[in-house]
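What follows is a short report on a single structure.
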Amino acid sequence: MFPARLHRAIYIVLVTLLGGCMVCSTWAANLVWVLLAANWLLEGRWREKWQMARHSRMLAAYATLCLVLLVGMLWTSNSATGWSQLRTKLPLLVVPLVMLTSRPLEGRVRSAVLWLYAATVLVVSLIATVRMLAIPDMPYRDAVPYISHIRFALNCCMVIFIAVGTYRWPHRSSLWPLTVLRWLAVLWMVVFVLLIRSYTALAVIVAVSLALLLVYYRRWPLMALWCAVMGVATLSVVHEVRSYYRPVPLAVEPLRETTVAGRPYEHACDGIVENGNYINNYVCRPELRTAWTLRSTLPYDSLTSGGFPVEPTLIRYLNACGLAKDSVGVCSLSAADIAAVERGVANPVYESGSPLRKMVYVMALEHEYYRHTHAIRGFSMLQRIELWRATWRVVTEHPAFGVGTGDIYDAVQDQLAAMDSELYGSYKNTHNQYLSLMAMVGLLGFIAVAAMFLRAVLPRMAKPRTSLPPLMMAWMLTVLISFLTEDTLNTLAGILLCTWFLAARSEKFDNATQ
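Following our numbering, the residues of the sequence shown are numbered contiguously, the last one being 659.
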């Protein structure tokens, strides 16, 4: 057995590595948490650890969650999936056990661990940005090379809250370059979240920043600044929405029946608008085919390099440019426009617009298609709503005990089939951790888990200034908000997001009600 100081040093090193591996490598993160557990076992100090575990309400809450999922195996019919779920969630018990029965990190060590984690996230965000710039048609979902872009966006949020939560207000340090770098990092994290279009992360930033202001930083200049930023953001969104729906000549002039060459137009008049024009009006497919063949070597009936059919991509692109979908419209496109269509770009805004405009235009298009056709496939937010509806039906049919830990996917698929949904057969996650837990273990299991976490958190929330540091509150709120739109606990990156920051707790956190 190593000396206690060496075990402590190994613990600090492994915690630091785990924070970095969380956003870099699933394989390495799995290795590190296993080594962390091995170091904990070899360290000894069993009496001290038992006392800390016995009095830790937070650890009891994590243990209850894992126990409820284990009990849910008793009535599951798909045991293979159930055991797979439990294996995935093993760090959900082991990591809190190790961290909550180990002494909190000292002030400077804790700061170093947090900033090394933040630096890793910043580096990965820069790598993702380079990938988006260097690789043609890189989907924003694939920009982050190591983990899901959604999980990474939540880590970006935590970097923002580390920068804000560890800042001393007011700050009169002579090291002003470090302060400038701190706030530049915050600004870049917000921009990067916009680049990868994470609506969940944006909601987290807005909600948690407001909570921190109201609880910890109640100074009128900061509140005024927050209101000003939110006001500008709101006005910007309103401006982009109006820009999307602002009518252009083809949308307001009387419908013409024929093209310049005398061929008839198709006017679907289905009301679907993009960039102020009706997508499926002014369509002449014979002219489109002929003109496209003259302008491009890519066959008209083939797929673009992005995997989308050429015809609908071309129609949407012409529509977004305010052009009729005929030979004149195709001939009006530049060589750069033709190349964009060949890559699968359906709207020039997606290439040249601001990150905010891209997000607004994508959401508006989803709304338009759903409003007029009830189509959801390919639209992330609409698919989430459909999955929530199906999962809620599972909950209402099995309210007390749920369907079991391993049966949730099959049960949701049965409901999607009954709803005649486009998502039947997709086997997607439910994208709501609360609904997912209720579907697996019922309302009784969900209430048991919620009660244990409330028992651990509410005493700290009653006096947050003395028992809950700003960073810990930001972390808790980030996790809880992410549960609304994501199955955060279904991946190792999500589980570590929900547990790793326990290592960054302070003495103030441990001295509160355990």
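Don't be surprised by glycine CBs; every beta carbon is placed ideally from N, CA and C.
Comparing alpha-carbon positions, the option among Val-258, Trp-220, Trp-172 lying closest to Tyr-156 turns out to be Val-258. Of the residues assessed, Trp-645 falls on the buried side of the cut-off, its CB having 16 or more other CB atoms within 10 angstroms. Here Leu-162 is buried. Its C-beta has 16 or more other C-beta atoms within 10 Å. Collapsing the DSSP output to three states places Pro-409 in a strand. Going by DSSP, Leu-527 is part of the alpha helix (DSSP H) stretching over 525 to 542. Scanning its chain for C-beta atoms nearer than 6 Å, with the 5 sequence neighbours on each side dropped, one finds around Gly-549 the residues Gly-217, Trp-220, Thr-221, in chain order. For the 9 Å CB-CB criterion, Asn-300 and Leu-637 do not form a contact.
With a threshold of 16 other beta carbon atoms within 10 Å, Trp-191 falls short and is exposed. Take the alpha-carbon of Val-266 and the one of Val-160: they are about 15 Å apart. Here Glu-511 carries a helix assignment [DSSP, helix/strand/coil].
Under the three-state reduction of DSSP, Glu-456 is assigned to helix. A residue is called buried once 16 or more other Cβ atoms fall within 10 Å of its Cβ, and Arg-296 is buried on that count.
Pairing Arg-408 with Ser-450, the inter-Cα distance amounts to about 30 Å. By a beta-carbon distance limit of 8 Å, Leu-237 contacts Ile-640. Their separation comes to about 5 Å. Spatial neighbours of Ala-593 in its own chain (CB-CB distance under 8 Å, excluding positions within 5 residues in sequence) are listed in chain order as Thr-209, Val-213. Phe-628 and Thr-575 have their alpha carbons spaced roughly 11 Å apart. The beta carbons of His-517 and Asp-415 sit about 6 Å from each other, so the pair counts as a contact at 8 Å. Secondary structure note for Glu-432: its alpha helix (DSSP H) is the uninterrupted segment 430 to 440. Under the three-state reduction of DSSP, Lys-234 is assigned to coil, being neither helix nor strand. The region 522 to 533 makes contact with the region 557 to 577: 3 or more CB pairs, one atom from each, lie closer than 8 Å. Secondary structure at Thr-633: helix, using DSSP grouped into helix, strand and coil. Taking Asp-282 as the centre and dropping the five residues before and after it, the same chain places the C-beta of Ser-450, Gly-451, Arg-488, Gly-489, Val-490 closer than 8 Å to its C-beta, in chain order. At the C-beta level, Val-405 and Asp-482 stay beyond 9 Å of one another. Between the C-alpha atoms of Trp-328 and Ala-308 there is a straight-line separation of about 7 Å. Collapsing the DSSP output to three states places Asn-422 in a strand. One thing to note: Arg-342 has its Cβ no nearer than 9 Å to the Cβ of Tyr-291.
Distance from the CA atom of Gly-498 to the CA atom of Gly-376, rounded to whole angstroms, is 21 Å. With respect to the 9 Å criterion, Arg-255 and Ala-649 are classified as neighbours on the basis of their beta carbons. With a cutoff of 9 Å on beta-carbon distance, Arg-502 and Ser-388 are scored as near each other.
Tyr-514 and Ile-280 have their alpha carbons spaced roughly 30 Å apart. Residue environment: Gly-587 is assigned as buried (16 or more neighbouring CB atoms within 10 Å of its CB, all protein chains considered).
By alpha-carbon distance to Ala-556, the top candidate from Asp-565, Ala-263, Ala-545, Tyr-572 is Tyr-572. Thr-403 sits in a strand when the DSSP states are folded into three classes. DSSP places Leu-613 outside both helix and strand once states are collapsed to three, so it counts as coil. The Cβ atoms of Leu-347 and Leu-339 lie closer than 9 Å to each other. The DSSP-derived three-state label of Leu-448 is strand.
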